[in-house]
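Visitor: Mapping to this note's numbering: the sequence shown position 170 is 778, numbers consecutive.
Using N, Cα and C, we set each Cβ at its ideal position, and we do this for glycine too.
Sharing a structure below in structure tokens format, with a few things to ask.
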Amino acid sequence: MNATGNSTGCLRAKCLFTTGERVAIVIFFSVIFIASLVGNCILFVAIIRNKRLRRSSTNFSFLSLSFANILITIFCIPVFTIDAFIAESWLFGSIGCKLVNFLQTMSINAAILTLLVISVEKFLVVYFPFQFRSQRTKVRYLVFFAWILGIIQPSVYLSYRKVKEINGVQWCFEQWPSPDTRKIYIVAQVFVLRFAPLMFMMFLHALTIKRIKARLQYRRSSNEEGNFNGPGTVQISSHALKIRKKAVVMLVVVVTTATVTLFPFNILACWRALANPKITDLFSANLVYSVTLWLMYFNSASHPIIFGLMSTEYRKAAKSSFRSFVRKSSAPSRIVVSSSKKNKEEPMIMTGLASGSA
């Protein structure tokens with residue numbers, strides 16, 4: 609667990625949780641790690657391999673989203689689990705300490721801002737279909753801008769996190785110039801880069817769905833009256849409108865999931881920054897922190913699940929990529945080779961960073 613500056617008593621998980629509780633927590637985080645890594649890698653590869661998916665500006669944004677989720681999964685989940693519930697002290701050095709919140713906050717920033725880009729794109733496609741058609745390639749520039757902003761905002765963590773030794777134990781600390789600086793930074797981050805974008809996305813989706821429903825209703829009434837070329841007729845098929853509506857509904861589910869899973873951790877961060885509570889029940893405090901962090905990581909694992917359940921196109925592309933991977937993996941077994949030339953698998957070394965406020 610990241611130190612908060614309290615150097616009295618034992619703050620390690622072994623002093624706060626029983627062995628059984630620690631094992632259960634490690635299992636929960638391991639499950640979300642595997643689900644997120646496998647799901648997002650399949651989604652990423654499926655979009656890369658499928659030319660039709662790759663050409664779409666929306667799918668380019670989804671590619672960015674899955675990449676952000678992969679970064680969170682690899683560099684944050686394992687290291688938090690190891691640091692908080694397995695290791696006896698901070699194991700990842702000064703560089704790891706500096707990068708922990710930077711990588712996590714950067715990836716979450718990029719994910720939320722990418723969702724914002726997708727939401728704006730869907731809104732413009734529905735409200736201004738013909739005017740926006742020629743501008744869709746510019747969406748990629750907005751995604752790159754989202755990553756640039758996502759990198760700039762958390763760069764302060766590179767300066768304000770340091771490793772300190774207390775009672776022979778290494779801790780990864782945040783050292784801000786003043787308590788007020790930390791308060792302003794965290795509150796601004798939560799409201800400007802979390803609350804405001806998510807609420808704005810919900811507003812855009814509501815308007816988008818309303819317009820699609822109105823167009824579908826207009827088409828139905830036009831068909832009943834036999835009026836196909838009257839003034840104001842929208843030259844988009846009902847089938848295309850239904851596909852767009854389904855895509856927007858899927859995005860609503862993604863944004864709602866992000867709101868539910870990201871807000872508890874950020875609200876907790878705001879409360880700790882503003883109220884500066886005197887925590888006496890360390891067990892409950894660390895349990896709440898772990899649960900809210902798990903929810904935040906669940907958001908990364910939820911995207912491939914939602915896409916797979918709600919999009920036939922992604923489901924087919926993912927199955928195709930998985931079958932291709934299985935065929936390639938099993939191909940060497942049909943070839944006889946000498947024992948000296950067998951392929952050796954090198955273990956993947958998970959280097960990552962413990963998690964803090966994001």
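What are the partner residues of isoleucine 703, as DSSP defines its beta bridges?
Guide: On the sequence shown, residue 703 is found 95 positions in, with the first residue counted as 1. Paired residues: none, contrary to the question.
Visitor: DSSP on isoleucine 875, reduced to helix/strand/coil?
Guide: Along the sequence shown, read from residue 1 onward, the residue named residue 875 stands at position 267. It is helical.
Visitor: Can you round the beta-carbon distance between cysteine 780 and valine 728 to whole angstroms, since I take them to be within the 8 Å contact cut?
Guide: Taking the sequence shown and counting its residues from 1, one reaches residue 780 at position 172. Taking the sequence shown and counting its residues from 1, one reaches residue 728 at position 120. Not confirmed; about 37 Å, so no contact.
Visitor: Compute the Euclidean distance between the alpha carbons of phenylalanine 625 and arginine 880, then round it to the nearest angstrom.
Guide: Looking up residue 625 in the sequence shown gives position 17. Looking up residue 880 in the sequence shown gives position 272. Cα to Cα, the separation comes out at about 22 Å.
Visitor: Is the beta carbon of threonine 666 less than 8 Å from the beta carbon of serine 908?
Guide: The sequence position of residue 666 within the sequence shown is 58, counting from 1. The sequence position of residue 908 within the sequence shown is 300, counting from 1. No, the pair does not count as a contact, with Cβ atoms beyond the cut-off.
Visitor: Give the C-beta separation of arginine 802 and leucine 870 to the nearest angstrom, bearing in mind that I take them to be a contact with Cβ-Cβ under 8 Å.
Guide: Within the sequence shown, the letter at position 194 stands for residue 802. Within the sequence shown, the letter at position 262 stands for residue 870. Between leucine 870 and arginine 802 the Cβ distance is about 6 Å, and since that is below 8 Å, they are a contact.
Visitor: Tell me where the alpha helix (DSSP H) around arginine 657 begins and ends.
Guide: By one-based count along the sequence shown, residue 657 stands at place 49. That run of the alpha helix (DSSP H) goes 627-657.
Visitor: Do isoleucine 794 and alanine 848 have their CB atoms nearer than 8 Å?
Guide: Your numbering for residue 794 matches position 186 in the sequence shown. Your numbering for residue 848 matches position 240 in the sequence shown. It is not a contact, given that the beta carbons lie outside the stated cut-off.
Visitor: Determine the DSSP secondary structure at cysteine 623, reduced to helix, strand or coil.
Guide: On the sequence shown, residue 623 is found 15 positions in, with the first residue counted as 1. Reduced to three states, the DSSP call for cysteine 623 is helix.
Visitor: If you follow the beta strand (DSSP E) that tryptophan 755 is part of, which residue opens it and which one closes it?
Guide: Here residue 755 refers to the residue found at position 147 of the sequence shown. That residue, tryptophan 755, is in no beta strand (DSSP E); its alpha helix (DSSP H) goes 747-760.
Visitor: For lysine 622, which residues of its own chain have a beta-carbon under 8 Å away from its beta-carbon, when the five flanking residues on both sides are left out?
Guide: Reading the sequence shown from its first residue, position 14 is the one you call residue 622. Within the same chain, lysine 622 has close Cβ partners Arg630, Glu696.
Visitor: Looking at the strands, I want to know which residues DSSP matches up with lysine 770.
Guide: Indexing the sequence shown from 1 puts residue 770 at position 162. According to DSSP, lysine 770 bridges with Phe781.
Visitor: Using 10 angstroms around the beta-carbon of leucine 766, count the other beta-carbons present and answer buried if the total reaches 16, otherwise exposed.
Guide: Position 158 of the sequence shown, counted from the start, is the residue given in the question as residue 766. When all chains shown are included, leucine 766 counts as exposed.
Visitor: When burial is assigned at 16 or more other CB atoms within 10 Å of the CB, is alanine 754 buried or exposed?
Guide: Taking the sequence shown and counting its residues from 1, one reaches residue 754 at position 146. By the 10 Å Cβ count, alanine 754 comes out buried.
Visitor: Excluding the 5 residues flanking alanine 676 on each side, which residues of the same chain have their C-beta closer than 6 Å to its C-beta?
Guide: On the sequence shown, position 68 is the one that residue 676 refers to. Once the five neighbours on either side are set aside, the close Cβ partners of alanine 676 are Ser715, Ala718, Ala719.
Visitor: Could you check if leucine 859 is buried or exposed, using at least 16 other CB atoms within 10 Å of its CB as the buried criterion?
Guide: The count along the sequence shown starts at 1 and reaches residue 859 at position 251. Answer is buried; the Cβ neighbour count reaches 16.
Visitor: Just verifying my parser: in three-state terms, what is the DSSP assignment at aspartate 788?
Guide: In the sequence shown, counting from the first residue as 1, residue 788 sits at position 180. Helix.
Visitor: Look at tyrosine 905 and serine 669 and say whether their C-beta atoms are less than 8 Å apart.
Guide: Taking the first residue of the sequence shown as position 1, residue 905 is located at position 297. Taking the first residue of the sequence shown as position 1, residue 669 is located at position 61. No; because the gap between Cβ atoms is not below 8 Å, this pair is not in contact.
Visitor: Using the three-state DSSP reduction, which class does phenylalanine 736 fall into: helix, strand or coil?
Guide: Against the sequence shown, residue 736 aligns to sequence position 128. Three-state DSSP puts phenylalanine 736 in coil, outside helix and strand.
Visitor: Under 8 Å, with one C-beta from each stretch per pair, do the stretch 910-930 and the stretch 651-661 reach the 3-pair mark?
Guide: With the cut-off at 8 Å, the stretch 910-930 and the stretch 651-661 touch.
Visitor: For glycine 776, is the classification buried or exposed, using 16 other Cβ atoms within 10 angstroms of its Cβ as the cut-off for buried?
Guide: Taking the sequence shown and counting its residues from 1, the one referred to as residue 776 is at position 168. Exposed: under 16 other Cβ atoms inside 10 Å.
Visitor: Just verifying my parser: in three-state terms, what is the DSSP assignment at threonine 666?
Guide: One-based indexing of the sequence shown puts residue 666 at position 58. Three-state DSSP puts threonine 666 in a helix.
Visitor: To the nearest angstrom, how far is it from the Cα of asparagine 884 to the Cα of phenylalanine 731?
Guide: As a working note, residue 884 is residue 276 in the sequence shown. As a working note, residue 731 is residue 123 in the sequence shown. Using only the alpha carbons, I get a separation of about 41 Å.
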